[in-house]
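Written out below as structure tokens is the structure these notes cover.
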Amino acid sequence: MTSLQKFRSAAAIALLACTSLAMAQDAAPVQVSGPWVRAAVAGQSGTGAFMQLTAPKGAQLVGVSTPVAGVAEVHEMKMEGDVMKMRAVPGGLALPAATPVELKPGGYHIMLTELKQPLPAGSTVPLTLHLKNEGGAAVDMNLQVPVLSGAPMAGAAMHKH
76 MTSLQKFRSA
86 AAIALLACTS
96 LAMAQDAAPV
106 QVSGPWVRAA
116 VAGQSGTGAF
126 MQLTAPKGAQ
136 LVGVSTPVAG
146 VAEVHEMKME
156 GDVMKMRAVP
166 GGLALPAATP
176 VELKPGGYHI
186 MLTELKQPLP
196 AGSTVPLTLH
206 LKNEGGAAVD
216 MNLQVPVLSG
226 APMAGAAMHK
236 H
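The opening residue of the sequence shown carries number 76 in this note's numbering; numbering runs sequentially from there.
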């Protein structure tokens, strides 16, 4: 193999790697970290889903759906005077480029109401995030989210005894 052939071969491999990476980023405009749903017992009408979302190029979370709830919405909790208020986020939640957005208890979160079944700890919930990428194109991300009895401990996996 000549030097020119080796160069062309290496260039072709590099181009393929870059194309694959770009396609993977286009397919998933948002990186999801630490998703979980709070467990719900029989008769409980609602619960929350939590995670960290990072959009490398910016995006917007415009909705969410799941077969386990009649209603799934992006909500915000915040203090208004001395009262904690919760409401749906009108128009969706902006995900600025390369800035992690935390969906957590007491802040932005996904509210699941009109639950159709109990959600026991150890099970999983199918959840679809409805997004608009930086160009405004609609993209759905399907997740299988673990159900936990409470918030996972931050850094628990990092501690060794």
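For each residue, glycine too, the CB sits at the ideal point set by N, CA and C.
Keep in mind that this is a model prediction, so the values were computed, not measured.
Which residue wins for smallest C-alpha separation from residue i, given the options the options?
{"i": "Pro-258", "options": "Pro-193, Thr-188, Glu-209", "result": "Since the displayed the chain opens at 76 and closes at 236, residue 258 lies outside it and no answer follows."}
{"i": "Lys-191", "options": "Val-105, Pro-104, Val-116", "result": "Val-116"}
{"i": "Tyr-183", "options": "Met-159, Pro-193, Gly-118, Leu-218", "result": "Met-159"}
{"i": "Val-164", "options": "Met-216, Thr-203, Lys-153", "result": "Lys-153"}
Compute the minimum distance between the beta carbon of residue i and the heavy atoms of the ligand PLP, and state whether it is under 8 Å.
{"i": "Val-107", "result": "By its list of ligands, the structure shown contains no ligand whatsoever, and the ligand PLP lies outside what it can speak to."}
Less than 9 Å between the C-beta atoms of residue i and residue j, yes or no?
{"i": "Ala-193", "j": "Pro-142", "result": "In the sequence as displayed, the identity of residue 193 is Pro instead of Ala. No; because the gap between Cβ atoms is not below 9 Å, this pair is not in contact."}
{"i": "Pro-171", "j": "Gly-133", "result": "yes"}
{"i": "Val-214", "j": "Pro-104", "result": "yes"}
Leaving aside the five residues before and after residue i along the sequence, list all residues of the same chain whose C-beta is less than 8 Å from its C-beta, in chain order.
{"i": "Val-139", "result": "Ala-124, Ala-147, Glu-148, Val-149, Ile-185, Leu-202, Thr-203, Leu-204, His-205"}
{"i": "Thr-199", "result": "Gln-219, Val-220, Pro-221, Val-222"}
{"i": "Val-112", "result": "Thr-122, Gly-123, Ala-124, Phe-125, Leu-187, Leu-194, Val-200, Leu-202, Val-220, Pro-221, Val-222, Leu-223"}
{"i": "Met-161", "result": "His-150, Glu-151, Met-152, Met-186"}
What's the gap between the Cα of residue i and the Cα of residue j?
{"i": "Ala-173", "j": "Lys-207", "result": "15 Å"}
{"i": "Gly-197", "j": "Pro-227", "result": "13 Å"}
{"i": "Asn-217", "j": "Glu-155", "result": "34 Å"}
{"i": "Ser-108", "j": "Gly-181", "result": "18 Å"}
{"i": "Asp-101", "j": "Asp-157", "result": "Here the model assigns Asp-101 a pLDDT of 48, short of 50, so the residue's position is not dependable and the matter cannot be decided."}
To which residues of the same chain is residue i closer than 7 Å at the C-beta, ignoring the five residues directly before and after it?
{"i": "Ser-120", "result": "Thr-188, Glu-189, Leu-190"}
{"i": "Ala-169", "result": "Gln-135"}
Query raised in the report: Taking contact to mean at least 3 C-beta pairs separated by less than 8 Å, is the region 146-166 in contact with the region 209-224?
Result: With a cut-off of 8 Å on Cβ pairs, the region 146-166 is not in contact with the region 209-224, counting fewer than three such pairs.
Query raised in the report: Between the region 169-189 and the region 118-133, do at least 3 Cβ pairs fall closer than 8 Å?
Result: With a cut-off of 8 Å, the region 118-133 and the region 169-189 count as touching, because enough Cβ pairs lie within range.
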